[in-house]
Every structure is written in structure tokens, then in C-alpha cells.
Amino acid sequence: GAGVSQSPSNKVTEKGKDVELRCDPISGHTALYWYRQRLGQGLEFLIYFQGNSAPDKSGLPSDRFSAERTGESVSTLTIQRTQQEDSAVYLCASSFHSPTNTDTQYFGPGTRLTVL
Amino acid sequence: SQQGEEDPQALSIQEGENATMNCSYKTSINNLQWYRQNSGRGLVHLILIRSNEREKHSGRLRVTLDTSKKSSSLLITASRAADTASYFCAMRQTGANNLFFGTGTRLTVIP
Chain A
49 GAGVSQSPSN
59 KVTEKGKDVE
69 LRCDPISGHT
79 ALYWYRQRLG
89 QGLEFLIYFQ
99 GNSAPDKSGL
109 PSDRFSAERT
119 GESVSTLTIQ
129 RTQQEDSAVY
139 LCASSFHSPT
149 NTDTQYFGPG
159 TRLTVL
Chain B
132 SQQGEEDPQA
142 LSIQEGENAT
152 MNCSYKTSIN
162 NLQWYRQNSG
172 RGLVHLILIR
182 SNEREKHSGR
192 LRVTLDTSKK
202 SSSLLITASR
212 AADTASYFCA
222 MRQTGANNLF
232 FGTGTRLTVI
242 P
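Each protein sequence line maps, in turn, to chains A and B.
Residue numbering for the first sequence follows the numbering used here, starting at 49 and increasing by one per position.
Residue numbering for the second sequence follows the numbering used here, starting at 132 and increasing by one per position.
Take a look at the structure:
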């Protein structure tokens with residue numbers, strides 16, 4: 049079946065503008081994660097959705113960042129009033145079970161965001 | 132902030148040689164996973180080892196885990212040019228929803 053898809057693949061925006069990034073998880077996956085990866089670095093956790101439970105927003109770096117997910121489907125990550133420091137690759141992942149000892153995350157190709 | 136550190140940061144070897152990457156972490160974990168990333172985009176899951184396991188094999192991959200030292204290693208045997216990529220360890224902390232990723236090792240396999 050199809051993997052995790054993300055759109056757009058690349059986004060160039062001007063400082064101060066809002067951007068919206070989209071993630072389509074694998075069908076049937078209950079858990080969805082957003083990560084940020086700055087150039088040459090590892091992944092930073094941003095937010096986690098599990099079914100209809102309240103999301104874990106503990107990784108969001110500021111109130112300019114927000115995310116939504118409708119049920120177990122598409123998620124959007126919104127960054128308001130973008131800053132140059134927001135430039136990074138934003139990666140989405142989904143997994144079948146809620147966090148257990150054995151779940152594996154399946155990653156999308158990412159959205160490369162460049163803030164000029 | 133990073134919860135895992137990997138070394139070396141970069142590794143360059145000849146095709147056919149073995150590559151070893153190490154990961155150290157700070158907290159109690161449920162499992163540790165290794166992922167591969169090509170060209171700075173999506174990650175691909177390689178292998179998962181649970182906290183009660185010490186060694187695991189998958190094809191040319193061998194992973195070890197030492198929870199007393201809070202460290203893991205990934206060995207790729209008989210490397211190929213196609214193994215060129217960045218490799219990340221990722222820890223499932225006890226009670227956490229997300230994975231904490233290491234800093235990554237950039238592996239280059241020279242044909």
C-alpha cells in the first residue's frame with residue numbers, strides 16, 4: 049500500500065508569512081508524529097497524535113506552531129509568522145499502535161521549508 | 132535537545148569493509164531503533180532492539196544493546212556503495228510518546 053506522503057515537498061516563503069504543511073499517514077495507522085530536522089542535525093520531536101486523544105504538544109518550540117489532525121487521517125502543521133530559524137525539513141511519521149515496546153514509525157519524504 | 136549521541140559523526144570506508152556506528156543515550160528506554168536517511172529526507176526503519184535484548188541480526192546488520200552502559204552499536208558487514216547514507220539511532224524512552232533521535236553518523240562507502 050501507499051506510504052506516508054507529505055506536501056509540498058519544498059516550500060520557500062518570506063519571513064513573516066504563514067505556512068501550512070500537510071501529512072497523509074498510512075491508512076489505518078492510529079499514531080502520527082511531526083518532527084523537525086535542521087541541516088546536518090538529528091530529528092526534534094514536535095507533536096504526537098494518537099486516535100482521538102488529546103495530542104502531545106510538548107515538542108512545539110513556540111506558540112507560532114500548531115497542528116491539527118482529523119480522526120485518524122490527514123494532519124496539517126501550521127507555522128505562523130515564519131522566521132528564518134524555522135528553515136528545516138519537517139518530517140511526518142505514522143505508526144499502527146499506540147506507543148509500545150515494539151512499534152515502528154514510517155516516515156514521509158518530508159517538506160523542506162526555506163524562510164527567506 | 133538531543134537525547135542521543137552518535138560516533139563517529141562521519142565514517143568513510145571501502146566497499147566490502149565493515150562499518151560500526153555507536154550510540155549513547157541518557158535515560159531509561161523501552162527500545163532502541165536504528166534508521167537510515169538518504170539525502171536528508173525520509174527515514175527508513177532498519178531494526179529495533181528491545182531493552183531486554185542484547186543482540187539482534189537482520190541481514191547484513193547486527194545491533195547490540197548494553198543498557199548498563201546506555202549504549203548501542205550498529206554493524207553493517209560487507210558494505211556496499213548503496214549503504215552510503217546517514218544512520219540515526221532513536222530511543223523510545225520509558226513513558227514517552229515519541230522517539231528521541233541521536234545526532235547521526237554519515238557513512239560513505241567508496242566503490
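Glycine included, every Cβ here is placed at the ideal spot set by N, Cα and C.
Residue span of the beta strand (DSSP E) that contains residue i, given as start and end
i                 : result
asparagine 58(A)  : 58–61
glutamine 145(B)  : 141–145
glutamate 116(A)  : 113–117
lysine 187(B)     : 186–189
glycine 135(B)    : 135–138
serine 143(A)     : 136–143
histidine 176(B)  : 174–181
leucine 125(A)    : 123–127
serine 53(A)      : 53–55
isoleucine 160(B) : 160–168
isoleucine 241(B) : 236–241
alanine 79(A)     : 79–85
threonine 170(A)  : Beyond the ends of chain A as shown, which are 49 and 164, falls residue 170(A); an answer cannot be given.
asparagine 153(B) : 150–156
arginine 70(A)    : 67–72
Cutoff 9 Å: residue i Cβ touching any chain B Cβ
i                : result
leucine 139(A)   : yes
glycine 156(A)   : yes
leucine 91(A)    : yes
aspartate 104(A) : yes
aspartate 134(A) : no
glutamine 128(A) : no
arginine 112(A)  : no
aspartate 151(A) : yes
glycine 76(A)    : no
glycine 107(A)   : yes
Proximity of residue i and residue j at Cβ, strictly below 9 Å
i                   : j                : result
asparagine 153(B)   : threonine 208(B) : no
serine 106(A)       : glutamate 116(A) : no
threonine 236(B)    : leucine 177(B)   : no
glutamine 185(A)    : leucine 230(B)   : Only positions 49 to 164 of chain A appear in this structure, which leaves residue 185(A) out of reach.
leucine 206(B)      : serine 182(B)    : no
glycine 147(B)      : serine 210(B)    : yes
asparagine 169(B)   : serine 217(B)    : yes
phenylalanine 93(A) : tyrosine 83(A)   : yes
threonine 234(B)    : glycine 90(A)    : yes
glycine 173(B)      : valine 52(A)     : yes
Beta-carbon contacts of residue i that lie in its chain and below 7 Å, excluding the five residues immediately before and after
i                : result
tyrosine 156(B)  : Gln134, Gly135, Lys201, Met222
glutamine 145(B) : Ile241
threonine 215(B) : Leu238, Thr239, Val240
Min CB distance residue i to chain A below 9 Å
i                 : result
arginine 223(B)   : yes
asparagine 229(B) : yes
threonine 234(B)  : yes
leucine 196(B)    : no
leucine 188(B)    : Residue identity differs from the one stated: residue 188(B) is histidine in this sequence, not leucine. Not one chain A Cβ lies under 9 Å of histidine 188(B).
leucine 179(B)    : yes
glutamine 133(B)  : For glutamine 133(B), the predicted structure reports a pLDDT of 49, less than 50, and the residue's modelled location is therefore unreliable. The matter cannot be settled from this model.
glycine 147(B)    : no
leucine 192(B)    : no
Cβ shell of residue i (< 8 Å), same chain only, five flanking positions each side left out
i                 : result
asparagine 100(A) : Gly119
asparagine 161(B) : Arg181, Ser182, Arg223, Gln224, Thr225
aspartate 66(A)   : Thr126, Ile127, Gln128, Arg129, Thr130
6 Å Cβ shell around residue i - same chain, five flanking residues per side excluded
i                : result
threonine 126(A) : Glu68, Ser114
glutamate 62(A)  : Leu164
arginine 70(A)   : Ser55, Thr124
asparagine 58(A) : Arg160
histidine 145(A) : Asp151
serine 159(B)    : Thr225
Near the ligand NAD: residue i beta-carbon under 8 Å from a heavy atom
i                : result
glutamate 148(B) : As for the ligand NAD, it is missing from this structure, which has no ligand bound.
| Counting pairs of Cβ atoms below 8 Å between the stretch 177–191 of chain B and the stretch 134–148 of chain A, do you hit three or more? | no
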